[in-house]
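Have a look at the structure below, then the notes.
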Amino acid sequence: PYYPPPAATVVMTPASFDRSFAAAAGAMHDEGLTITVQDAGSGTIVGGLAGSTVTATVRRQADGSVVVQFNSRDARDPALLERISSRYDRLMGR
Numbered sequence: 011p012y013y014p015p016p017a018a019t020v021v022m023t024p025a026s027f028d029r030s031f032a033a034a035a036g037a038m039h040d041e042g043l044t045i046t047v048q049d050a051g052s053g054t055i056v057g058g059l060a061g062s063t064v065t066a067t068v069r070r071q072a073d074g075s076v077v078v079q080f081n082s083r084d085a086r087d088p089a090l091l092e093r094i095s096s097r098y099d100r101l102m103g104r
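Residue 53 in the numbering used here sits at position 43 of the sequence shown, and the numbers go up by one each step.
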């Protein structure tokens with residue numbers, strides 16, 4: 011059976027929600043995904059690439075930090091989430 015890769019999660023302090031949200035969308039776009047949902051109000055970004063769907067969730071924590079998580083249930087490329095996460099880190103200046 012095929013098991014999708016685990017979610018890639020990035021936690022940072024301090025962070026701007028808007029900057030994190032823009033970087034998550036940018037990382038997905040830079041990796042070739044077509045963004046179909048970009049809703050800052052819910053912190054959700056959804057994109058597709060070659061039949062795979064990736065969802066980014068951006069959440070503000072009680073302590074002011076921001077958590078960004080990339081998930082895909084049907085990623086045909088097992089390294090896709092890792093590439094998106096690495097691109098996100100670069101866009102955030104890490």
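Every residue gets a Cβ at the ideal spot worked out from N, C-alpha and C, and that includes glycine.
Which of the three DSSP states, helix, strand or coil, is assigned to Arg-86?
Coil at Arg-86, not helix or strand.
Is it right to say Val-47 is buried, meaning 16 or more other beta carbons lie within 10 angstroms of its own, or is it exposed?
Under this definition Val-47 is an exposed residue.
Own chain, CB closer than 8 Å to Glu-41, minus 5 neighbours either side, in chain order
Taken in chain order, the residues that qualify are Leu-59, Leu-90, Arg-93, Ile-94, Arg-97.
Relative to the C-alpha of Ser-82, which candidate in Ser-30, Ala-34, Thr-63, Gly-103 has its C-alpha closest?
Checking every option, the nearest Cα to that of Ser-82 belongs to Thr-63.
For the alpha helix (DSSP H) containing Ala-33, list its first residue and its last residue.
Counting along the chain, the alpha helix (DSSP H) containing Ala-33 begins and ends at 27 to 40.
If you draw a straight line from the C-alpha of Gly-61 to the C-alpha of Asp-84, how long is it?
Distance between the alpha carbons of Gly-61 and Asp-84 is about 8 Å.
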